[in-house]
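Visitor: This is the structure, below, for whatever I ask next.
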Ligand code: GLN
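What follows is the structure in structure tokens.
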């Protein structure tokens with residue numbers, strides 16, 4: 384078995400047993416991602432930087448001063464600030480930006496001794512569902528290279544799916560971990576809002592953004608989430624709650640588990656092949672001792688319009704900092720300060736980002752605020768209440784992650800609404816602030832992966848990880864590797 388077939392849990396064990404050094408492992412991954420660089424999964428790879436960290440890790444292991452992650456290579460979405468490495472957020476605006484500090488997530492992984500393999504490609508400022516808005520170009524889906532990998536964490540998803548990295552960080556504002564995980568056949572978890580610090584994670588929509596992890600298995604997700612989660616005094620919205628040992632409860636029995644099936648998630652718009660894969664997966668859960676209960680999330684159909692008022696509103700405010708004065712891109716020629724702002728922003732941002740800034744500024748403007756922003760906030764409460772009601776009847780909620788499997792590049796670029804509808808099942812979870820996972824559950828007839836969505840109660844990541852892990856003990860969808868990448 385090659386290194387790249389192994390999970391973080393297995394690689395960690397090999398490192399500690401001295402079967403491989405971190406330098407060897409890191410070099411093997413660097414060679415592999417160079418070999419498959421046409422997938423365009425990475426924006427920045429700095430082998431000197433990575434191997435330096437690997438050397439330090441090897442020294443730590445020799446001294447016995449190691450954690451389970453010491454020496455394990457991990458890729459990071461290019462939205463997390465990394466001291467000494469470019470952080471572009473997929474944008475021309477930040478194409479020259481080297482952060483002077485590490486995001487909390489990066490710092491935690493560094494402190495645990497892991498190696499930063501590189502920074503992964505993403506939709507510009509995490510706005511997108513296909514990775515087609517990246518200034519650095521689209522990422523190819525290894526299952527069919529004419530198809531998109533999903534977004535915005537498309538580079539991270541492809542890095543893990545093609546085994547270019549054993550794990551990668553991601554962020555999920557409306558589905559950006561779960562949707563690309565589903566479209567590339569990997570495991571992805573978006574924790575509850577507040578579970579993982581947003582410090583140093585470039586802001587898109589602050590009340591929705593949440594960092595998480597993309598892996599081969601739920602077991603790795605449990606290990607890595609445990610490492611990245613926790614209260615951070617530098618993020619006032621991070622929650623001061625102890626982080627449980629997620630690995631410890633992975634083997635809990637699912638006997639008597641109540642799985643809620645929202646009728647709204649199985650209606651019109653859901654592709655038949657995706658629906659049948661989900662059905663088979665649910666039958667597997669019944670064999671594991673779970674039962675299903677019908678539930679309703681009546682305001683689900685309003686989630687996308689609600690999100691596309693709130694997220695752009697927050698984005699228009701967050702992105703006002705990119706003005707050419709402090710850092711990032713600055714137009715070369717201008718006549719006065721206003722002209723400099725205008726040219727800088729016109730050149731620095733791509734079309735989708737500009738669209739969101741305009742929608743957001745409009746929704747927040749005097750005279751429209753009550754009609755759009757305030758209404759959307761009220762709706763957000765109703766959507767969250769739907770989940771609270773539903774969880775009175777069940778322990779977890781399941782359904783599809785996406786209405787269809789991966790689509791062709793270019794298919795939806797001219798139709799923003801069609802693109803936005805990709806996140807119809809994921810967005811409500813962000814609006815409510817709940818944890819959600821995508822679990823590999825099978826393939827459609829064209830051989831494209833399908834993800835099973837598992838939504839948990841607030842701060843009950845342990846439960847959904849346990850539910851995913853038990854399924855992965857009796858199925859092998861998560862072990863499938865795209866043809867040509869075995
Ligand atoms: N696709 C959604 C959007 O474009 C969600 C993106 C995300 O979760 N970052 O806003």
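In my numbering, the protein residues as written are 384 to 869.
For glycine and all other residues, C-beta sits at the position ideal for the given N, C-alpha and C.
For residue 861, does the three-state DSSP call read helix, strand or coil?
Guide: The residue labelled residue 861 in the question sits at position 478 within the chain shown. Helix.
Visitor: Between residue 406 and residue 434, is the Cβ-Cβ spacing less than 8 Å?
Guide: For the purposes of this step, residue 406 is identified with residue 23 of the chain shown, where counting begins at 1. For the purposes of this step, residue 434 is identified with residue 51 of the chain shown, where counting begins at 1. Against a cut-off of 8 Å, the Cβ pair of residue 434 and residue 406 comes out as a contact.
Visitor: Let me confirm a value: residue 692 is counted as buried when at least 16 other C-beta atoms fall within 10 Å, else exposed. Which label applies?
Guide: Within the chain shown, numbered from 1, the residue matching residue 692 stands at position 309. Answer is buried; the Cβ neighbour count reaches 16.
Visitor: Could you tell me if the beta carbon of residue 558 falls within a distance shorter than 7 Å of some heavy atom in ligand 1?
Guide: Here residue 558 corresponds to residue number 175 of the chain shown, with the count starting at 1. Within the cutoff, so yes.
Visitor: Whole angstroms is fine: what's the gap from residue 787's alpha carbon to residue 657's?
Guide: For the purposes of this step, residue 787 is taken as residue 404 along the chain shown, with counting starting at 1. For the purposes of this step, residue 657 is taken as residue 274 along the chain shown, with counting starting at 1. Computed Cα separation, rounded: 6 Å.
Visitor: Alpha carbon to alpha carbon, how far is residue 845 from residue 700? Give it in angstroms, no decimals.
Guide: Counting from one through the chain shown, the residue named residue 700 turns up at place 317. Counting from one through the chain shown, the residue named residue 845 turns up at place 462. Taking the straight line from one Cα to the other gives about 34 Å.
Visitor: Going by CA-CA distance only, name the one from 793, 579, 847, 861 that's closest to residue 826.
Guide: Along the chain shown, read from residue 1 onward, the residue named residue 826 stands at position 443. Comparing Cα-Cα distances from residue 826 to each of 793, 579, 847, 861, the minimum goes to 861.
Visitor: Count the other CB atoms, across all protein chains shown, that sit within 10 Å of the CB of residue 423; report buried if there are 16 or more and exposed otherwise.
Guide: By 1-based counting over the chain shown, the position of residue 423 is 40. Residue 423 is buried by the Cβ-count criterion.
Visitor: How would you label residue 771, buried or exposed, when you count the other beta carbons within 10 angstroms and need 16 or more for buried?
Guide: Start at 1 with the first residue of the chain shown, and residue 771 comes out as number 388. Flag for residue 771 reads exposed.
Visitor: Are there any heavy atoms of ligand 1 lying less than 7 Å away from the beta-carbon of residue 683, as far as the coordinates show?
Guide: For this step, residue 683 is matched to residue 300 along the chain shown. Because no heavy atom of ligand 1 lies under 7 Å away, the Cβ of residue 683 does not count as near it: no.
Visitor: Using 8 Å for Cβ pairs, my map puts residue 585 next to residue 472. What's the rounded Cβ distance?
Guide: The residue you call residue 585 lines up with position 202 of the chain shown. The residue you call residue 472 lines up with position 89 of the chain shown. The pair is a contact, with the Cβ atoms about 5 Å apart (cut-off 8 Å).
Visitor: Give the C-beta separation of residue 833 and residue 666 to the nearest angstrom, bearing in mind that I take them to be a contact with Cβ-Cβ under 8 Å.
Guide: Counted from its first residue, the chain shown places residue 833 at position 450. Counted from its first residue, the chain shown places residue 666 at position 283. Contact flag wrong, Cβ pair sits at about 15 Å.
Visitor: CB residue 384 to CB residue 561, shorter than 8 Å?
Guide: In the chain shown, residue 384 corresponds to position 1, counting from 1. In the chain shown, residue 561 corresponds to position 178, counting from 1. Cβ atoms of residue 384 and residue 561: not closer than 8 Å.
Visitor: Tell me whether residue 595, by its Cβ, gets closer than 7 Å to a heavy atom of ligand 1.
Guide: The count along the chain shown starts at 1 and reaches residue 595 at position 212. Answer for residue 595: no, Cβ out of range of ligand 1.
Visitor: Thinking residue 502 and residue 425 are a contact (beta carbons under 8 Å), I'd like their distance in whole angstroms, please.
Guide: Locating residue 502 in the chain shown gives position 119, counting from the first residue. Locating residue 425 in the chain shown gives position 42, counting from the first residue. About 7 Å; that satisfies the 8 Å criterion.
Visitor: May I have the straight-line CA-CA distance separating residue 735 from residue 741, to the nearest angstrom?
Guide: If you number the chain shown from 1, residue 735 lands on position 352. If you number the chain shown from 1, residue 741 lands on position 358. C-alpha separation (whole angstroms): 10 Å.
Visitor: Roughly how many angstroms lie between the CA atoms of residue 763 and residue 841, to the nearest whole one?
Guide: Indexing the chain shown from 1 puts residue 763 at position 380. Indexing the chain shown from 1 puts residue 841 at position 458. Going from the Cα of residue 763 to the Cα of residue 841 covers about 16 Å.
Visitor: Do the CB positions of residue 599 and residue 390 come within less than 8 Å of each other?
Guide: Your numbering for residue 599 matches position 216 in the chain shown. Your numbering for residue 390 matches position 7 in the chain shown. The answer is yes: Cβ separation under 8 Å.
Visitor: Check whether chain C comes within 8 Å of residue 764, counting only Cβ atoms and requiring the distance to be less than that.
Guide: As a matter of chain content, chain C is missing from the structure shown, which is built from one protein chain.
Visitor: What distance in whole Å lies between the Cβ atoms of residue 864 and residue 779, which are believed to be in contact at a cut-off of 8 Å?
Guide: Indexing the chain shown from 1 puts residue 779 at position 396. Indexing the chain shown from 1 puts residue 864 at position 481. Not confirmed; about 28 Å, so no contact.
Visitor: Does residue 821 come out as helix, strand or coil in the three-state DSSP assignment?
Guide: If you number the chain shown from 1, residue 821 lands on position 438. Residue 821 falls in the strand class under three-state DSSP.
Visitor: Can you find a heavy atom of ligand 1 that lies under 7 Å from the Cβ of residue 511?
Guide: Against the chain shown, residue 511 aligns to sequence position 128. Result yes, Cβ under 7 Å from ligand 1.
Visitor: Let me check you understand the geometry: is the CB of residue 517 closer than 7 Å to at least one non-hydrogen atom of ligand 1?
Guide: By one-based count along the chain shown, residue 517 stands at place 134. The answer is no for residue 517.
Visitor: Determine the closest residue to residue 642 out of 540, 775, 412, 608, with distance taken between C-alpha atoms.
Guide: In the chain shown, counting from the first residue as 1, residue 642 sits at position 259. If we check each option's Cα against that of residue 642, 775 comes out closest.
Visitor: Evaluate contact between the segment 447–465 and the segment 537–545, counting only Cβ atoms and requiring at least three cross-stretch pairs below 8 Å.
Guide: At 8 Å Cβ cutoff, the stretches touch.
Visitor: Using the Cβ count rule (16 or more neighbours within 10 Å means buried), how would you classify residue 761?
Guide: Residue mapping note: residue 761 aligns to position 378 of the chain shown, counting from 1. Counting Cβ neighbours within 10 Å, residue 761 comes out exposed, since fewer than 16 surround it.
Visitor: Would DSSP call residue 594 helix, strand or coil?
Guide: If you number the chain shown from 1, residue 594 lands on position 211. Here residue 594 sits in strand by DSSP.
Visitor: Residue 349: buried (16+ other C-beta within 10 angstroms of its C-beta) or exposed?
Guide: The question about residue 349 has no answer, for the chain in this structure spans 384 to 869.
Visitor: Note down, in chain order, each residue of its chain lying with its Cβ closer than 8 Å to the Cβ of residue 848, except the 5 sequence neighbours on either side.
Guide: Residue mapping note: residue 848 aligns to position 465 of the chain shown, counting from 1. Around residue 848: 572, 601, 604, 605, 608, 629, 632, 633, 820.
Visitor: To the nearest angstrom, how far is it from the Cα of residue 525 to the Cα of residue 722?
Guide: As a position in the chain shown, residue 525 is number 142, starting the count at 1. As a position in the chain shown, residue 722 is number 339, starting the count at 1. Taking the straight line from one Cα to the other gives about 43 Å.
Visitor: Determine the closest residue to residue 511 out of 533, 500, 522, with distance taken between C-alpha atoms.
Guide: Counting from one through the chain shown, the residue named residue 511 turns up at place 128. Of the candidates 533, 500, 522, the one whose C-alpha sits nearest the C-alpha of residue 511 is 533.
Visitor: Since residue 644 and residue 677 should fall inside the 8 Å C-beta cutoff, what is the C-beta to C-beta distance between them, to a whole number of angstroms?
Guide: On the chain shown, residue 644 is found 261 positions in, with the first residue counted as 1. On the chain shown, residue 677 is found 294 positions in, with the first residue counted as 1. The pair is a contact, with the Cβ atoms about 6 Å apart (cut-off 8 Å).
Visitor: Sorry if obvious, but does the Cβ on residue 534 come closer than 7 Å to a heavy atom of ligand 1?
Guide: Looking up residue 534 in the chain shown gives position 151. Correct: residue 534 has its Cβ closer than 7 Å to ligand 1.
Visitor: Can you tell me whether residue 720 is buried or exposed? The criterion is at least 16 other CB atoms within 10 Å of its CB, across all chains shown.
Guide: Residue numbering aside, residue 720 sits at position 337 when the chain shown is read from its first letter. Classification of residue 720: exposed, given that the 10 Å Cβ count is below 16.
Visitor: Would you identify the three-state DSSP class for residue 537, choosing helix, strand or coil?
Guide: In the chain shown, the residue the question calls residue 537 occupies position 154. Helix, per DSSP.
Visitor: May I ask you to report which of helix, strand or coil DSSP gives residue 449?
Guide: Counting from one through the chain shown, the residue named residue 449 turns up at place 66. Residue state, collapsed to three classes: coil.
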